[in-house]
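Notes follow the structure.
There are 2 protein chains.
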Amino acid sequence: MLQKRIDDHAPPTRESMREAQEIFYKHLKRVGLKHTDQRDTILGTFLETRDHLSTDELFRLVRKKDSKIGFTTVYRTLKLLAECGLASMVPFPDGMTRYEHQFNRRSHHHMVCTECGASVEFFSPEVTRIEEEIGRKYHFDATRHNFQIYGVCEDCRKKSNRRPA
Amino acid sequence: MLQKRIDDHAPPTRESMREAQEIFYKHLKRVGLKHTDQRDTILGTFLETRDHLSTDELFRLVRKKDSKIGFTTVYRTLKLLAECGLASMVPFPDGMTRYEHQFNRRSHHHMVCTECGASVEFFSPEVTRIEEEIGRKYHFDATRHNFQIYGVCEDCRKKSNRRPA
DNA sequence: CTATAATTGAAAATGAATTTCAATTTCATT
DNA sequence: AATGAAATTGAAATTCATTTTCAATTATAG
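First to last, the protein sequences are chains A and B. Letter 150 of the first sequence, counting from 1, is numbered 1318 in my numbering, and no numbers are missing. Letter 95 of the second sequence, counting from 1, is numbered 1263 in my numbering, and no numbers are missing.
See below:
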């Protein structure tokens, strides 16, 4: 469904990878969980991605590195990553929950074409400011936000000209 | 899950109800569908709601008015309402798709507590302006947006003080 | 090394969303 | 008002992502 993506997502440096690992394993310690190879592999694979991944999509990538890792483990690890803020859920209009990594990533947002599913990533510092403001106003400890704009992209508008009004 | 809601949603006037019906039935005509009592009842029930409703929640309300209307019909009608812009999907963190009506409703947004699910509705004209701007920039015909801020509400912050850091 | 507790992953369960299909209803045309 | 083609309805079945279960395995503190 996703056809094109415009963003400015840089691949992770070895440095930032280590940092992310540290965050993850501190989180595991904190909640009394253990360090495993599977979790390492899954975190590494996840950080290398650029796209918004469903659990299944990440599972397929992970399997390339270690075919013995099961879907369930990927699923559970993704939840752990979300818990410690390294990943966040993005609700997609196709009804599938996808995750993206949030580490070393400035706040960003998506414009999604409701016809073809193409998504464009954009950045608006104002939105982050609004998050803070609204949080203050309602006494919420605001941690994150979703902002998606839906519309019809240029290509799809052109295509739908065949269909008369 | 939803415990409290703060908004300023006025009940629909007879006038606006009629207008919404007109929009709906024009849409049906356009795509070659028919006018039925069930669809009338479902639209009416939907417009009277204040909350974000899952299909099942709306189904329960509809059933009070006409116990013979089935879940499937509510489900399908809700899709039709979304098609013609009278309803829109709001993805909730509990993974359930909910709908809210968009008719005569100024653009609004939600702040959701990730602990208790409480939601506060807020307005930010800036967000609408951003939608327009971004649409122009990427040549999208922007039709709507979702904006949710997630965080922890005051009550839940107090409660979680029992749990030491 | 041992004991304890967490992890793993295949399989089963769950549950919302969607489709199927036979009976019923709508509505444009007589 | 009657006709018939096409859409609608709703119960049941299906689909499919997500989540849970559980027995075997593995990590780690002592």
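For each residue, glycine too, the CB sits at the ideal point set by N, CA and C.
In the structure shown, Q1189(A) adopts helical secondary structure according to DSSP, grouped into three states. Our two residues, K1232(B) and T1213(B), have alpha carbons roughly 10 Å apart in a direct line. When L1221(A), C1281(A) and E1187(A) are compared, the shortest CA-CA separation from G1319(A) is found for C1281(A). Closest option to R1297(B), judged by alpha-carbon separation, among V1288(B), H1313(B), F1290(B) and S1287(B): H1313(B).
Listed in chain order, the positions of the region 1231-1247 of chain A with a beta carbon within less than 8 Å of a beta carbon of chain B would be empty, since no residue qualifies. Counted as a single uninterrupted DSSP element, the alpha helix (DSSP H) harbouring A1250(B) occupies residues F1239 to E1251. For T1223(A) and L1248(A), the gap between their C-alpha atoms comes out near 13 Å. The beta-bridge partner set that DSSP reports for V1320(B) consists of D1309(A).
In the three-state reduction of the DSSP assignment, L1226(A) falls in the helix class. P1180(A) counts as buried, since at least 16 other C-beta atoms from the protein chains shown sit within 10 angstroms of its C-beta. When the Cα atoms are used, C1321(B) and R1266(A) turn out to be separated by approximately 25 Å. One finds I1302, Y1306 and F1308 in chain B with Cβ atoms closer than 7 Å to the Cβ of M1279(A), taken in chain order. Boundaries of the alpha helix (DSSP H) around T1209(B): D1205 to E1216. For F1291(A), the closest alpha carbon among the candidates D1309(A), T1204(A) and I1317(A) is that of I1317(A).
Around the beta carbon of T1240(A), fewer than 16 other beta carbons sit within 10 angstroms, so the residue counts as exposed.
Put simply, the CB of V1295(B) is near chain A, with a gap under 8 Å to one of its CB atoms. Between the alpha carbons of L1254(B) and R1186(B) lies a distance of about 13 Å. In the DSSP assignment, T1265(A) falls within the unbroken beta strand (DSSP E) covering T1265 to H1269. Contact of C1252(B) with chain A by beta-carbon distance below 8 Å is absent, the smallest such distance being about 14 Å. A buried status is given to L1226(A), since no fewer than 16 other beta-carbon atoms sit within 10 Å of its beta-carbon. Residue-level contact by beta carbon holds for H1313(A) and chain B, with a gap shorter than 8 Å.
Taking every protein chain shown into account, the CB of H1277(A) has 16 or more other CB atoms within 10 angstroms, so this residue is buried.
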